[in-house]
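Numbering (the UniProt record's numbering), first residue to last: 1 to 325.
Quick look at the structure:
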């Protein structure tokens, strides 16, 4: 098969489409002929040598895919050859075929094309496991998403609105804020021209928001603490603003705040299967009802993975960038 290989750690130009060995199928796995895979920030970090795959997982990038089941392992009962599916991966999505543990495979959501289904597994599993399963964001609460126009952000806005939550977003341009509002965001804050802490306080009568989903990290840590309400929860999933900071942590006590962080890729097979099951139960119905839609910025062939990475690193996109195998 062909796969995108990271020839050496570096810039987008190190991604090359090459002939490689087919994946070896384990007894609890499903072999998928890939239709599409989606880009994630983690892929750009892996390309730079900063985020290696877990031991024993594929060295090729790609944390989600959609496609058709080509083969099933001896211990797999739910899936059969010919099924149209999408899947959460630990790696290997930038390829023509990928082997996936059966517990990380999902049916293509009703009403969604096979290729667009690749835009859902990673964002749905990330947002559902962090914001809903762990931080317990509930109907009637308020929610701030940093980077509202990202793949994670565009999904999180729609899912939160479906569940009756007031959504605040930050983004770096009026175009991105307008896109977020079209998806249902209630309050858009341009972080380049506004202080998001002041705006959150103004919009909540001084209370703050209940949950924040943050991919910025260090540079936003103190501001996030200031933006949270009593019993607020901050969930950190990225470090685009650095990993170090100095903060006044007295707010943690004064407001009974919870700060958490997690990555999806290194979780156990059992935990991933549990998250995938919860996503199918809670998110797939919202997609089937048309309340959560795929937001795809661009489709590129697998051979242009490097162009996709260049685009992602400009942050000019809104939603997901997909590679078609």
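Positions of the beta carbon are idealized from the N, C-alpha and C atoms, including for glycine.
Since this is a predicted model, take the numbers as computed values, not measurements.
Quick one: Cα of residue i to Cα of residue j, how far?
{"i": "residue 229", "j": "residue 156", "result": "20 Å"}
{"i": "residue 39", "j": "residue 214", "result": "19 Å"}
{"i": "residue 65", "j": "residue 296", "result": "14 Å"}
{"i": "residue 189", "j": "residue 168", "result": "8 Å"}
{"i": "residue 171", "j": "residue 319", "result": "12 Å"}
{"i": "residue 254", "j": "residue 294", "result": "40 Å"}
{"i": "residue 264", "j": "residue 125", "result": "8 Å"}
{"i": "residue 223", "j": "residue 232", "result": "13 Å"}
{"i": "residue 46", "j": "residue 180", "result": "28 Å"}
{"i": "residue 269", "j": "residue 206", "result": "42 Å"}
{"i": "residue 281", "j": "residue 272", "result": "14 Å"}
{"i": "residue 15", "j": "residue 201", "result": "44 Å"}
{"i": "residue 217", "j": "residue 165", "result": "24 Å"}
{"i": "residue 262", "j": "residue 304", "result": "30 Å"}
{"i": "residue 174", "j": "residue 185", "result": "13 Å"}
{"i": "residue 309", "j": "residue 134", "result": "30 Å"}
Taking the alpha helix (DSSP H) that residue i falls in, what are its first and last residues?
{"i": "residue 222", "result": "221–227"}
{"i": "residue 318", "result": "Neither: residue 318 is in no alpha helix (DSSP H) and is coded neither H nor E."}
Between the Cα of residue i and the Cα atoms of the options, which residue gives the shortest distance?
{"i": "residue 4", "options": "29, 92, 52 and 114", "result": "92"}
{"i": "residue 322", "options": "116, 168 and 262", "result": "116"}
{"i": "residue 176", "options": "51, 307 and 315", "result": "315"}
{"i": "residue 98", "options": "36, 12, 162 and 164", "result": "36"}
{"i": "residue 10", "options": "31, 48, 34 and 141", "result": "48"}
{"i": "residue 118", "options": "70, 309, 44 and 298", "result": "298"}
{"i": "residue 63", "options": "22, 21, 120 and 33", "result": "120"}
{"i": "residue 42", "options": "325, 312 and 317", "result": "312"}
{"i": "residue 212", "options": "286, 132 and 182", "result": "132"}
{"i": "residue 8", "options": "286, 183 and 44", "result": "44"}
Terminal residues of the continuous beta strand (DSSP E) containing residue i?
{"i": "residue 168", "result": "166–171"}
{"i": "residue 285", "result": "Note, residue 285: premise wrong, no beta strand (DSSP E); alpha helix (DSSP H) at 284–288."}
{"i": "residue 97", "result": "97–101"}
{"i": "residue 18", "result": "15–19"}
Can you list, in chain order, the residues of its chain with a C-beta nearer than 6 Å to that of residue i? Leave out the 5 residues immediately preceding and following it.
{"i": "residue 54", "result": "90 and 266"}
{"i": "residue 284", "result": "109"}
{"i": "residue 58", "result": "91 and 92"}
{"i": "residue 291", "result": "162"}
{"i": "residue 219", "result": "241 and 242"}
Counting only the same chain and skipping the five closest in sequence on each side, list residues whose C-beta sits under 7 Å from that of residue i.
{"i": "residue 288", "result": "109, 110 and 111"}
{"i": "residue 28", "result": "73, 75, 76, 101 and 102"}
Going by beta carbon distance, what residues of the same chain come within less than 8 Å of residue i, once the five residues before and after it are set aside?
{"i": "residue 252", "result": "225 and 259"}
{"i": "residue 79", "result": "30, 69, 72, 85, 102 and 105"}
If you scan the stretch 36–68 from start to end, which runs of the beta strand (DSSP E) of 3 or more residues do you find wholly inside it? Note on the stretch 36–68: there is no whole beta strand (DSSP E) run with a minimum of 3 residues.
Within the stretch 252–315, note down every full beta strand (DSSP E) run reaching 3 residues or more, in order along the chain. Runs of the beta strand (DSSP E) inside the stretch 252–315: 258–261 and 296–301.
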